[in-house]
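Okay, structure first, notes after.
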Amino acid sequence: MDEFPVENTRTLLHFIDGSLAFAGHYLHEDTHPIHTHSFVEIAVVMGGSGAQRSLAGRQVLKVGDVLILRPGVWHGYEDCRALDLYNCCFSPELLRNELAWTREDPQLGHLLWTGPYAEQRRGILTGHLSGDAFAACLTHLEALHDLRGAPVATHRGDLVGRLTLFLAGLARALISVSPGATHQAVLEAMRMMEERPAYQWTLTELAAELHVAPGYLVRLFKGATGLPPMAYLSRHRVELAATRLLHTDQPINRIGESVGWPDQNYFARRFKSHYGLSASTYRARFTKSVKT
Numbered sequence: 001m002d003e004f005p006v007e008n009t010r011t012l013l014h015f016i017d018g019s020l021a022f023a024g025h026y027l028h029e030d031t032h033p034i035h036t037h038s039f040v041e042i043a044v045v046m047g048g049s050g051a052q053r054s055l056a057g058r059q060v061l062k063v064g065d066v067l068i069l070r071p072g073v074w075h076g077y078e079d080c081r082a083l084d085l086y087n088c089c090f091s092p093e094l095l096r097n098e099l100a101w102t103r104e105d106p107q108l109g110h111l112l113w114t115g116p117y118a119e120q121r122r123g124i125l126t127g128h129l130s131g132d133a134f135a136a137c138l139t140h141l142e143a144l145h146d147l148r149g150a151p152v153a154t155h156r157g158d159l160v161g162r163l164t165l166f167l168a169g170l171a172r173a174l175i176s177v178s179p180g181a182t183h184q185a186v187l188e189a190m191r192m193m194e195e196r197p198a199y200q201w202t203l204t205e206l207a208a209e210l211h212v213a214p215g216y217l218v219r220l221f222k223g224a225t226g227l228p229p230m231a232y233l234s235r236h237r238v239e240l241a242a243t244r245l246l247h248t249d250q251p252i253n254r255i256g257e258s259v260g261w262p263d264q265n266y267f268a269r270r271f272k273s274h275y276g277l278s279a280s281t282y283r284a285r286f287t288k289s290v291k292t
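Okay, here's the thing in structure tokens:
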């Protein structure tokens with residue numbers, strides 16, 4: 001089993017060394033308790049047997065299965081017998097910056113942005129690799145694994161490039177029929193809300209900015225992401241707040257304001273609902289070992 005650059009504090013896994021992306025093997029026996037994580041995780045089943053338990057239900061796993069999990073999704077493994085997973089994990093920062101363009105690619109956009117939430121998937125997208133696609137993805141995972149010891153400051157391009165090759169191979173293999181390009185109004189709405197999370201957006205104003213009817217925008221948004229626009233904004237705000245709690249010294253009330261929730265009681269409820277911890281507890285537990 002590889003040593004991962006993550007720390008497990010109770011039920012949350014998080015990066016501890018400033019990593020942006022890494023890949024490595026994890027061997028499970030018996031059970032692996034329910035947990036969440038603050039990064040995007042992709043697990044490829046390499047051997048053994050077991051089952052994943054999540055909010056989406058129980059899934060028996062076999063060699064070649066792929067699990068794609070957005071940050072904050074809780075899951076665990078049970079009935080494991082030498083369940084060998086090749087895990088690839090990368091930070092939300094990477095997804096929103098260097099990989100932001102993937103949102104506009106029909107296949108990669110579905111793989112990373114919309115598919116995990118469409119059709120009530122609860123933040124988890126699953127698929128299966130076989131043959132040449134399995135071998136190609138394994139090649140990219142191993143190359144990413146070999147970059148584990150490389151400093152981000154001098155190898156950021158290598159990490160992003162190899163991760164992109166892996167994701168592109170996954171998208172081609174798992175999404176055999178292109179879901180079609182996401183409607184431009186959805187892409188613009190996502191971009192606008194993410195660029196100005198502190199703004200007090202309303203559905204009516206957002207739709208007016210995009211020159212579409214509010215009900216039509218809701219239908220477009222739910223069809224692409226599985227969420228209405230305001231729920232998508234809430235998800236973005238809480239993930240952004242978690243990042244700022246870990247990587248800045250801003251007071252918690254200022255972080256709430258900065259992501260669009262100036263009412264501290266409301267911010268507290270939304271954060272705890274998503275992560276199962278209060279913002280203060282989250283910061284106290286998970287910043288002690290995090291290097292910024």
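Mapping the sequence shown onto UniProt numbering, position 74 (from 1) lands on 74, and the numbers just tick up by one.
Each residue gets a CB set at the ideal place from its N, CA and C atoms; glycine is no exception.
Being a predicted model, the structure only gives us computed values, none of them experimental.
Counting other Cβ atoms within 10 Å of its Cβ, ASN87 reaches 16 or more and is therefore classed as buried. C-alpha of LEU27 to C-alpha of VAL45: approximately 10 Å in a straight line.
Between ALA268 and ILE68, the alpha-carbon positions lie close to 28 Å from each other. The way I'd put it, the region 70–86 does touch the region 23–40; three or more beta-carbon pairs between them come closer than 8 Å. By the C-beta criterion, the region 215–225 is judged not to be in contact with the region 255–274, since fewer than 3 inter-stretch pairs fall below 8 Å.
Distance from the CA of LEU108 to the CA of ASP132, rounded to the nearest whole angstrom, comes to 19 Å. Contact between TYR275 and GLY72 holds: their C-beta atoms lie close to 6 Å from each other, under 8 Å. Across the structure, ARG70 and TYR199 are spaced so that their CA atoms are roughly 24 Å apart.
In the DSSP secondary-structure assignment, LEU61 is bridged to GLY50. If you check the CB distance, SER91 and LEU20 come in under 8 Å. With a cutoff of 8 Å on beta-carbon distance, ASP84 and GLY48 are scored as near each other. Cβ contact annotation for LEU144 (same chain, cutoff 8 Å, sequence separation greater than five): ALA21, PHE22, ALA23, CYS88, LEU159, ARG162, LEU163 and PHE166, in chain order. Taking 4 residues as the shortest admissible run, the region 95–169 contains the following complete alpha helix (DSSP H) segments, listed from N- to C-terminal end: 106–109 and 131–146. Counting along the chain, GLY223 sits inside the alpha helix (DSSP H) bounded by residues 214–225. Non-local beta-carbon contacts of HIS155 in its own chain, meaning distances under 8 Å to residues more than five positions away in sequence, involve LEU147 in chain order.
At the C-beta level, GLU194 and HIS247 stay beyond 8 Å of one another. In this structure, the beta-carbon distance from LEU111 to LEU125 falls below 8 Å. Taking every protein chain shown into account, the CB of LEU55 has fewer than 16 other CB atoms within 10 angstroms, so this residue is exposed.
With a cutoff of 8 Å on beta-carbon distance, ARG244 and SER258 are scored as near each other.
Nearest in C-alpha terms to PRO229, of all of GLU41, TRP201 and ILE252, is TRP201. The alpha carbon of LEU94 has as its nearest neighbour, out of GLU41, GLN250, ARG53 and LEU61, the alpha carbon of GLU41. Beta-bridge annotation (DSSP): GLU78 is paired with ALA51. When the beta-carbon positions are compared, PHE271 and ALA284 stay at least 8 Å from each other. Between GLY57 and the set THR114, GLY123 and ALA171, the nearest pair of CA atoms involves GLY123. Annotation for ALA185: the continuous alpha helix (DSSP H) segment containing it runs 184–195. Excluding its 5 nearest sequence neighbours in each direction, GLY226 has C-beta neighbours in its own chain below 6 Å: TYR117 and ALA118, listed in chain order. For ALA241, the enclosing alpha helix (DSSP H) begins and ends at 229–247. Residue pairing for GLY24: DSSP places it in a beta bridge opposite ASN87.
According to DSSP, GLU41 shares a beta bridge with LEU69 and CYS89. By the criterion of a C-beta distance shorter than 6 Å, SER130 is surrounded in its chain by GLY64, once the five residues flanking it on both sides are discounted. For ILE255, the enclosing alpha helix (DSSP H) has its first and last residue at 252–258.
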